[in-house]
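Down below is the structure, laid out as structure tokens.
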Amino acid sequence: MISSLISNFELNNRRVLFLSSYKAAVYHWQRGELGSSYLFDVNEEGLKSFERYLQETPNDVFHILVDVYEEEYKRETIPHVFGADRQALLTRKINRLFHDTAYVNTEIHGREERGRRDDRVFLSAITNPEVIAPWVKLLDKYKAPLAGINSLPLFTQSLLGLFAEASDQILVVSLQSISGLRQTFFYKNEFRVSRLVQMPRYGSTSYVPHISEEVEKIMRYLNSLRLTTEDSTLDIYFLLAGELLVELKQALPDSHMVRHHFLDLNALLTKSGLDRRVTTPFSDQLFLNEYLKKPLGNRYATDKDRRYFSLRRLRLGMIASGVALILGCALWTGMNVMDALILKHDSLAAEQKTRFYTDRYEEARSRLPHTPVEPAELKVAVDIAKTLDDYKSTPLPAVQAVSKALDRFPAIRLDTVEWLASTNPNQALGEEQPQTAADAAAPIDIPVSGPQYQSYYIAVFNGHLTEFDGNYREAISAINEFTETLRRQDAVYDLSILKLPIDFSSAVNLQGNTQSAAADASFSIRLVMGAGNAI
Numbered sequence: 141m142i143s144s145l146i147s148n149f150e151l152n153n154r155r156v157l158f159l160s161s162y163k164a165a166v167y168h169w170q171r172g173e174l175g176s177s178y179l180f181d182v183n184e185e186g187l188k189s190f191e192r193y194l195q196e197t198p199n200d201v202f203h204i205l206v207d208v209y210e211e212e213y214k215r216e217t218i219p220h221v222f223g224a225d226r227q228a229l230l231t232r233k234i235n236r237l238f239h240d241t242a243y244v245n246t247e248i249h250g251r252e253e254r255g256r257r258d259d260r261v262f263l264s265a266i267t268n269p270e271v272i273a274p275w276v277k278l279l280d281k282y283k284a285p286l287a288g289i290n291s292l293p294l295f296t297q298s299l300l301g302l303f304a305e306a307s308d309q310i311l312v313v314s315l316q317s318i319s320g321l322r323q324t325f326f327y328k329n330e331f332r333v334s335r336l337v338q339m340p341r342y343g344s345t346s347y348v349p350h351i352s353e354e355v356e357k358i359m360r361y362l363n364s365l366r367l368t369t370e371d372s373t374l375d376i377y378f379l380l381a382g383e384l385l386v387e388l389k390q391a392l393p394d395s396h397m398v399r400h401h402f403l404d405l406n407a408l409l410t411k412s413g414l415d416r417r418v419t420t421p422f423s424d425q426l427f428l429n430e431y432l433k434k435p436l437g438n439r440y441a442t443d444k445d446r447r448y449f450s451l452r453r454l455r456l457g458m459i460a461s462g463v464a465l466i467l468g469c470a471l472w473t474g475m476n477v478m479d480a481l482i483l484k485h486d487s488l489a490a491e492q493k494t495r496f497y498t499d500r501y502e503e504a505r506s507r508l509p510h511t512p513v514e515p516a517e518l519k520v521a522v523d524i525a526k527t528l529d530d531y532k533s534t535p536l537p538a539v540q541a542v543s544k545a546l547d548r549f550p551a552i553r554l555d556t557v558e559w560l561a562s563t564n565p566n567q568a569l570g571e572e573q574p575q576t577a578a579d580a581a582a583p584i585d586i587p588v589s590g591p592q593y594q595s596y597y598i599a600v601f602n603g604h605l606t607e608f609d610g611n612y613r614e615a616i617s618a619i620n621e622f623t624e625t626l627r628r629q630d631a632v633y634d635l636s637i638l639k640l641p642i643d644f645s646s647a648v649n650l651q652g653n654t655q656s657a658a659a660d661a662s663f664s665i666r667l668v669m670g671a672g673n674a675i
């Protein structure tokens, strides 16, 4: 009865089940345009035919668009809350208003402008689930992926931009071959109410009086609900074709409150991108072409109804991820291969340069005169000599410091200087033994506190006082003043008197007589100076 569809699998292929209380039609979307269609009765025989159709056709994605009497709309308000609290309030509203059906949808349409500014909620439902359930059951039986269920009057809102001009009050009137006359009212582009009327069989009688009467009824109904206002004109759009359009235009003149717009379906089909013409006044193809061109999200289908569609999307997502992974791996491998080739080329070039310069070096070396030492060893010797030169030590800093101090003491003469460089400021020099002070009047050790240094110059100066007349007190005082002056020099780390003209230690006996001649007033001092940067 139903011929098999022969087509290649395409991700964009989809179909819609256009469902009413009397008839059902399936329209295919293939290669970016509206394709073939199939008509079924809403009875047991029609369901069997639909089942055979599912068995013989590819398992493309299904959408369901309903145009039935059993659709109700409610407007409610709820407190402005979020999350689980909002969901609990919506669930309570649904259970109170539509407790006998699972095909329910809720939408938040902004907030009230006065009072506590509650949320405005729009609720819609298919109140008789048996209108949809048998068809969904067959889709589920054959694992057909159901993307969603929507209704024709609510979908009409998305078509206003196709034909309607800017207006606060719009009434859209259209005829559907499987359902009847549909009238949908919008206030400021927001859905308010819709009414479906069954029409006589097309061709059996004139539709003009029926349509005129129904339009008059809904206008009175809108007035009774105060949905229309006298401040704004009501724009009525008739989506029709053929002689009916001409006859209605003659039967319905405009008034100061109502403007009629008679739109030819063929012009709208062309504007919609469908290259075909219709001779009947039914707008099925216009609505379904616009719907399949860019399907809306789900409005009524439950998660159970859509599980095969979710699995299909998951499978396609995994395939896409796999393809992307393979392409990424191929790209990464290609880049690594290119890097390897570049590195190999650079390695070969470096190897050739190394051989070239090695040969040149050996050739130049062979022309040099013979030396008992290899050039490499000469380089090491030069480096060592440079290092020694950089770190050579001289007694010059210590001598300069003593020289500055001697300028103030012309009676002091230096006899000898011994010195060394060390990293230890306490390093002994020769056999020096610092003399221990025994008397406060003649200090022997004069330590200097200061910063630490990387290395030190240690020097021992031996000297004497000229023109010594035997007055040891004056001699010792002069030596102490000299050491005190020396101590104030820069970079002096430590200063010690090793020897004075007279020994004050407890181990030595002081003795003399009036006949003995004065000895030399000799002394020794130990000077430590910091070298390098202070730490």
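Using this note's numbering, the first residue of the sequence shown is number 141, and each one after it goes up by one.
Here a beta-carbon is modelled for each residue, glycine too, at the ideal position from N, C-alpha and C.
Can you tell me whether DSSP reads Gln629 as helix, strand or coil? In the sequence shown, residue 629 corresponds to position 489, counting from 1. Three-state result, Gln629: coil.
Under three-state DSSP, which class holds Tyr377? Position 237 of the sequence shown, counted from the first residue, corresponds to residue 377. Here Tyr377 carries a strand assignment [DSSP, helix/strand/coil].
Nearest-angstrom Cα separation, counted from Arg439 out to Asn290: Position 150 of the sequence shown, counting from 1, holds the residue named residue 290. Position 299 of the sequence shown, counting from 1, holds the residue named residue 439. Roughly 5 Å between the two C-alpha positions.
Just to confirm, is the Cβ distance from Phe719 to Lys411 under 7 Å? Lying outside 141 to 675, the shown extent of the chain, residue 719 is not represented and no answer is given.
Going by C-alpha to C-alpha distance, which of Leu286, Ile318, Leu263 sits closest to Leu294? Your numbering for residue 294 matches position 154 in the sequence shown. For the residues Leu286, Ile318, Leu263, the minimum Cα distance to Leu294 belongs to Leu263.
If I'm right that Leu292 touches Leu205 with Cβ under 8 Å, what's the distance once you round it to whole angstroms? Taking the first residue of the sequence shown as 1, we reach residue 292 at position 152. Taking the first residue of the sequence shown as 1, we reach residue 205 at position 65. Taking C-beta atoms under 8 Å as the contact rule, Leu292 and Leu205 qualify, at a distance of about 6 Å.
For Ala287, collect the residues of the same chain with a Cβ closer than 6 Å to its Cβ; drop the 5 residues on either side in sequence, then sort them by chain order. The count along the sequence shown starts at 1 and reaches residue 287 at position 147. Listed in chain order, the non-local C-beta contacts of Ala287 below 6 Å within the same chain comprise Val201, His203, Phe449, local neighbours out to five positions each way being set aside.
Can you tell me which of Thr267, Asp424, Asp394 puts its alpha carbon nearest to the alpha carbon of Leu321? Along the sequence shown, read from residue 1 onward, the residue named residue 321 stands at position 181. When only C-alpha atoms are compared, the closest one is Asp424.
In the DSSP output, which residue or residues are listed as bridge partners for Gly468? Numbered from 1 along the sequence shown, position 328 holds the residue referred to as residue 468. DSSP output for Gly468 lists no bridge partner at all.
Contact check, Leu229 vs Thr246, beta carbons under 7 Å: Here residue 229 refers to the residue found at position 89 of the sequence shown. Here residue 246 refers to the residue found at position 106 of the sequence shown. No, these two residues do not count as a Cβ contact at 7 Å.
Have a look at Pro393 and Leu194 and give me their C-alpha separation to the nearest angstrom. Taking the sequence shown and counting its residues from 1, the one referred to as residue 393 is at position 253. Taking the sequence shown and counting its residues from 1, the one referred to as residue 194 is at position 54. Inter-residue distance for Pro393 and Leu194 is about 48 Å (C-alpha atoms, whole angstroms).
When we look at the beta-carbon of Ala381 and count the other beta-carbons within 10 Å, is it buried (16 or more) or exposed? One-based indexing of the sequence shown puts residue 381 at position 241. Looking at its Cβ environment, which holds 16 or more other Cβ atoms inside 10 Å, Ala381 is buried.
Alpha-carbon to alpha-carbon, Trp472 and Val271: As a first step, residue 271 must be located in the sequence shown, where it is residue number 131. As a first step, residue 472 must be located in the sequence shown, where it is residue number 332. If I take the Cα positions, the gap works out to 55 Å.
To the nearest angstrom, how far is the alpha carbon of Arg251 from that of Asp258? As a position in the sequence shown, residue 251 is number 111, starting the count at 1. As a position in the sequence shown, residue 258 is number 118, starting the count at 1. Per the coordinates, the alpha-carbon of Arg251 lies some 6 Å from the alpha-carbon of Asp258.
CB of Leu635 within 7 Å of CB of Thr623, strictly: Looking up residue 635 in the sequence shown gives position 495. Looking up residue 623 in the sequence shown gives position 483. Yes, they are a contact pair.
Rounded to whole angstroms, how far is the Cβ of Ala615 from the Cβ of Pro641, which I believe are closer than 8 Å? By one-based count along the sequence shown, residue 615 stands at place 475. By one-based count along the sequence shown, residue 641 stands at place 501. Taking the Cβ atoms as the reference, Ala615 lies roughly 5 Å from Pro641, within the contact range of under 8 Å.
Starting from Glu247, trace the beta strand (DSSP E) in both directions and tell me its first and last residue. As a first step, residue 247 is located in the sequence shown; it is residue number 107 there, counting from the start. Per DSSP, Glu247 belongs to the beta strand (DSSP E) from 244-251.
How close, in whole Å, do the beta carbons of Tyr347 and Met339 come, if the pair is a contact with beta carbons under 8 Å? Within the sequence shown, numbered from 1, the residue matching residue 347 stands at position 207. Within the sequence shown, numbered from 1, the residue matching residue 339 stands at position 199. Their Cβ separation, rounded to whole angstroms, is 7 Å, which keeps Tyr347 and Met339 in contact under 8 Å.
Nonlocal neighbours in the same chain, by C-beta distance under 6 Å from Pro537, ignoring five residues either side: Along the sequence shown, read from residue 1 onward, the residue named residue 537 stands at position 397. Tyr597, Met669, listed in sequence order.
Would you tell me roughly how many angstroms separate the C-alpha atoms of Asp479 and Asn429, rounded to the nearest one? Locating residue 479 in the sequence shown gives position 339, where the first residue counts as 1. Locating residue 429 in the sequence shown gives position 289, where the first residue counts as 1. Going by the C-alpha atoms only, they are around 52 Å apart.
Bridge-paired residues (DSSP) for Thr345: Numbered from 1 along the sequence shown, position 205 holds the residue referred to as residue 345. DSSP output for Thr345 lists Tyr342 as bridge partner(s).
Using the Cα positions of Arg553 and Glu517, report the straight-line distance between them to the nearest angstrom. For the purposes of this step, residue 553 is taken as residue 413 along the sequence shown, with counting starting at 1. For the purposes of this step, residue 517 is taken as residue 377 along the sequence shown, with counting starting at 1. Distance between the alpha carbons of Arg553 and Glu517: 49 Å.
Cβ neighbour criterion (16 or more within 10 Å) applied to Ile524: Along the sequence shown, read from residue 1 onward, the residue named residue 524 stands at position 384. Exposed is the call here.
Go ahead and pull the three-state DSSP assignment for Ile351. Taking the first residue of the sequence shown as 1, we reach residue 351 at position 211. Looking at Ile351 - three-state DSSP - the assignment turns out to be helix.
Cβ separation of Tyr431 and Leu367, assumed to be a contact under 8 Å, to the nearest whole Å: The count along the sequence shown starts at 1 and reaches residue 431 at position 291. The count along the sequence shown starts at 1 and reaches residue 367 at position 227. Between Leu367 and Tyr431 the Cβ distance is about 26 Å, and since that is not below 8 Å, they are no contact.
Who are the Cβ neighbours of Leu90 in its own chain at under 6 Å, not counting the five residues just before and after it? With the chain covering only 141 through 675, there is no way to say anything about residue 90.
Within the stretch 296-322, ranges of the beta strand (DSSP E) (whole runs, at least 3 residues): Every unbroken stretch of the beta strand (DSSP E) spanning 3 or more residues and falling wholly within the stretch 296-322 is given here in chain order: 309-316.
Ignore the nearest five residues each way along the sequence and tell me which others in Phe303's own chain have a CB closer than 7 Å to its CB. By one-based count along the sequence shown, residue 303 stands at place 163. Within the same chain, Phe303 has close Cβ partners Tyr377, Leu403, Leu408.
N- and C-terminal bounds of the alpha helix (DSSP H) containing Lys277: As a first step, residue 277 is located in the sequence shown; it is residue number 137 there, counting from the start. Segment 273-281, the alpha helix (DSSP H) holding Lys277.
In this structure, how does DSSP classify Arg232 when only helix, strand and coil are distinguished? Translated into positions along the sequence shown, residue 232 becomes position 92. Judged by DSSP in its simplified three-state form, Arg232 adopts helix.
Gln170 - partner residues in DSSP beta bridges: On the sequence shown, position 30 is the one that residue 170 refers to. Its beta-bridge partners are Glu173.
Under 6 Å Cβ to Cβ from Asn153, same chain only, skipping five residues before and after it: list those, please. Along the sequence shown, one-based indexing puts residue 153 at 13. Residues of the same chain with a CB within less than 6 Å of the CB of Asn153, apart from the 5 flanking positions on each side, are Gln170, Asp200 in chain order.
Using only CA atoms, which one of Ile266, Lys233, Asp207 lies nearest to Glu216? To locate residue 216, count along the sequence shown from 1; it is residue 76. The option with the nearest alpha carbon to Glu216 is Lys233.
Neighbour-count burial assignment, Glu211, 16 or more Cβ in a 10 Å radius: The sequence position of residue 211 within the sequence shown is 71, counting from 1. Result: buried.
State the CB to CB distance for the pair Gln323 and Leu311, rounded to an integer number of angstroms; the pair is presumed to be in contact (CB under 8 Å). In the sequence shown, residue 323 corresponds to position 183, counting from 1. In the sequence shown, residue 311 corresponds to position 171, counting from 1. Your pair Gln323 and Leu311 checks out as a contact, with CB atoms roughly 6 Å apart and the cut at 8 Å.
Determine the DSSP secondary structure at Ala284, reduced to helix, strand or coil. Within the sequence shown, numbered from 1, the residue matching residue 284 stands at position 144. Correct three-state label for Ala284: coil.
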